[in-house]
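Inspection log for the structure reproduced underneath, given as structure tokens.
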Amino acid sequence: MTRIRVLFLLGMAAVFVSAGCSTAPMKLQAINYGEGAVEQPNAPSLPDGCKVRIASVQDRRAAPSDLGDLGKPVQAEFDIKGWIAEGLRSLEKKTGSSLSTPEATTIDLDAELRNAYIRGVATSKATNIVLTVKYSLKDRPLSEKNYRGQVTCINWIGSEGEIKDSFNEALAQIVQSVAVDVSVLCNTAGDQTLHSKQTISKGE
Amino acid sequence: MSKISGIACRISVLLLIVVALSACVENYRPLSMDHQQKLATADVYVYIKQQEIYALIERSNMAAGGGLLFALADSAINNQRAKEQEEYVRPIRDSLIGYDFGTALTGAFSRQMQTVGWPQIRKVTFVREYSKEKLADVVAESTADAVLFLNADYAFVPNFNRLRVATAASIYIKTSPKPDPDMSPVYLNAALVMTEAAKKDMSKEDAVQFWAADNAGRTRASLEKGAALLAKMISYDLKSDRVAEERLEKADIDPIFTDVKLVSKEDDCLIGRLPVNTLKSYCSVK
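Chains as they are written, first to last, in our numbering: chain A, 350 to 553; chain B, 36 to 321.
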């Protein structure tokens with residue numbers, strides 16, 4: 350009986366130790382925006398007549414597959430620009446506000462991904478996405494702004510699903526903030542510019 | 036009998052953990068005279084895992100006495116602290132969008148090695164992704180005598196009174212064909228720079244303001260200075276048997292280790308060697 354217990358404890362120790370030293374990367378095949386993304390109940394809708402067009406999404410990061418590290422490197426094996434565009438494109442569905450714009454307006458968005466990463470903090474995980482969005486109206490530049498999506502929560506088992514949910518939630522925060530700014534720009538037909546280079550994120 | 040088995044069980048587990056930890060933990064290995072003489076040129080390969088600056092947290096350790104309930108409480112407390120630290124560091128991060136510490140560090144090493152003149156640097160590469168396999172490829176493909184590999188990190192201490200910039204440094208001799216990914220370095224050490232806010236007894240909020248002010252000007256300057264000092268310390272450590280040359284001098288450089296060997300003083304910084312041979316520098320910023 351004691352021998353079984355010894356073997357069990359040795360086995361468990363070996364598993365924990367090997368898990369601790371393993372550096373094999375976790376490769377994410379896809380993240381689908383909306384799956385697990387937490388849409389806030391007060392997520393703003395765009396005024397009637399206000400439309401957005403995602404003109405471009407660029408990835409400005411040094412290592413496009415690098416999505417941080419959660420005990421082991423997390424790598425993207427999918428089109429991360431496509432995922433960002435998918436998130437921003439959800440703004441096109443955000444219509445139906447009781448407000449309406451003076452005239453039909455289409456705001457063009459050019460987005461640049463600056464950072465996207467997850468990292469382990471003790472028994473938690475912290476995810477950050479930084480996106481620069483340039484707004485323009487009929488080729489006239491309106492404004493440029495940095496957005497940060499930031500999510501910190503308990504790291505249960507460091508699973509792929511947990512990681513994807515965390516990235517989706519961080520992107521959802523950015524989309525929500527962009528929706529607020531697009532509404533402002535539509536309502537003023539671009540007369541009112543946003544504070545240039547200001548970084549905003551959830552809660553602001 | 037069962038008592039003896041119990042002791043044997045504990046010893047086995049402890050031994051396994053000790054062996055495993057010793058396999059994971061790096062130690063100190065000076066560059067031998069023989070290797071110094073053979074080393075004329077080197078490529079520098081800089082790896083920085085993090086994409087942005089972060090703040091360390093003070094980990095709750097209620098479970099140290101044992102117990103699942105305490106472990107769960109630790110997890111909840113640590114999660115709350117992690118959330119708070121992410122919020123505290125956000126204004127500094129926002130001011131540093133577009134700033135690349137990797138560029139600062141590679142530039143500092145290029146300049147420092149040029150000043151010292153040895154080893155001659157052929158190529159400096161900065162990467163965000165690293166694996167032992169990749170490093171073995173770099174060593175095999177290098178046209179220099181060796182590869183100096185740096186694994187750097189930068190963060191604020193939990194109360195934001197200090198900014199910590201650190202690097203582990205190791206040298207791998209060029210071999211052909213491709214070396215085993217578990218190749219052992221001929222040199223291994225670490226260097227650490229602590230930059231302290233000159234104004235004492237600041238609250239955490241004030242300290243965050245201090246580092247975030249003027250588009251995080253103090254943070255940028257301290258990171259640049261930290262990079263330069265890391266380069267200086269590592270290049271100093273590569274030459275001859277430095278440890279034997281140094282003399283023990285009482286220096287108020289580390290609150291934990293008081294028997295630090297003072298290596299040099301410059302401007303607002305003291306450079307010393309800790310008993311574990313790590314090089315450490317303390318600076319202050321106004």
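The beta carbon of each residue, even a glycine, is placed where N, CA and C say it ideally should be.
Inspect the beta-carbon positions of residue i and residue j and report whether they are closer than 9 Å.
i	j	result
A262/B	G142/B	yes
V159/B	D272/B	no
V320/B	A232/B	yes
V533/A	A117/B	no
Y80/B	F184/B	yes
N536/A	P396/A	yes
S238/B	P220/B	no
L377/A	Q424/A	yes
S316/B	V228/B	yes
L140/B	A179/B	no
K474/A	T501/A	yes
A465/A	V482/A	no
R277/B	V295/B	no
A251/B	Y134/B	yes
I208/B	L264/B	no
F105/B	A411/A	no
So residue i and residue j are in contact, right, with Cβ under 8 Å, and what is the actual spacing, rounded?
i	j	result
I433/A	L520/A	7 Å
V456/A	Y484/A	A quick correction: the sequence has Ile, not Val, at residue 456/A. Indeed they touch by this definition, with Cβ atoms about 6 Å apart.
P15/B	K260/B	Past the boundaries of the shown model lies residue 15/B; chain B is included only from 36 to 321, so the question cannot be answered.
F144/B	A266/B	5 Å
R146/B	E87/B	That belief does not hold up - the Cβ atoms of R146/B and E87/B are roughly 25 Å apart, past 8 Å.
I512/A	L419/A	7 Å
N517/A	I380/A	6 Å
A247/B	S130/B	6 Å
I467/A	G417/A	4 Å
Y189/B	F245/B	Actually they are not in contact, since the Cβ atoms of Y189/B and F245/B sit about 17 Å apart, beyond 8 Å.
V529/A	L437/A	Not really, about 14 Å apart at Cβ, beyond 8 Å.
R64/B	L170/B	17 Å between Cβ atoms; not a contact.
P154/B	L74/B	5 Å
Per DSSP, what kind of secondary structure is residue i in: helix, strand or coil?
i	result
G510/A	helix
N5/B	Lying outside 36 to 321, the shown extent of chain B, residue 5/B is not represented and no answer is given.
A453/A	strand
N11/B	With chain B covering 36 to 321 only, the question about residue 11/B has no answer from this structure.
G420/A	coil
F427/A	coil
V320/B	strand
D302/B	coil
R94/B	coil
V311/B	coil
M237/B	coil
L264/B	helix
G369/A	Unreliable positioning characterises G369/A in this predicted model, as indicated by a pLDDT of 47, which lies under 50. A coordinate reading is not provided.
E384/A	coil
V533/A	helix
Y271/B	helix
E461/A	strand
L395/A	coil
T170/B	Residue identity differs from the one stated: residue 170/B is Leu in this sequence, not Thr. Helix at L170/B.
V482/A	strand
T254/B	helix
V278/B	helix
G102/B	coil
N517/A	helix
S84/B	The amino acid at residue 84/B is misidentified as Ser; the sequence shows Lys. Note: K84/B maps to coil in three-state DSSP.
M218/B	coil
R438/A	helix
Q378/A	coil
D69/B	helix
Entirely enclosed alpha helix (DSSP H) segments - the segment 108-153 of chain B, minimum 4 residues:
136-151
At 3 residues or longer, and completely inside the segment 185-216 of chain B: list those beta strand (DSSP E) runs for me, N to C.
197-208
For the segment 138-163 of chain B, enumerate the residues whose C-beta is nearer than 8 Å to any C-beta of chain A, in chain order.
F161, V162 and R163
Any residues in the segment 104-116 of chain B with a beta carbon nearer than 7 Å to a beta carbon of chain A? Which ones, in chain order?
S110, N113 and N114
If contact means a Cβ-Cβ distance below 8 Å, which residues of the segment 467-479 of chain A contact chain B?
R468, V470, A471, T472, S473, A475, N477 and V479
For the segment 78-94 of chain B, which residues have a beta carbon sitting closer than 8 Å to at least one beta carbon of chain A?
K84, Q85, Q86, E87, Y89, I92 and R94
Identify each residue in the segment 295-314 of chain B for which the Cβ-Cβ distance to at least one residue of chain A is less than 7 Å, and report them in chain order.
none
Tell me which residues of the segment 493-514 of chain A have at least one Cβ-Cβ distance to chain B shorter than 8 Å, keeping chain order.
N495, R497, Q499, T501, C502 and I503
Closer than 7 Å between beta carbons: that is the criterion. Which residues of the segment 454-467 of chain A meet it against chain B?
R463, N464 and Y466
Beta carbons nearer than 7 Å to chain B: which residues of the segment 398-411 of chain A have them?
A411
Under 8 Å (Cβ pairs) to chain B, residues found in the segment 409-432 of chain A
R410, A411, A412, S414, D415, G417, D418, P422 and Q424
Interface residues of the segment 199-228 of chain B facing chain A [CB-CB below 8 Å]:
none
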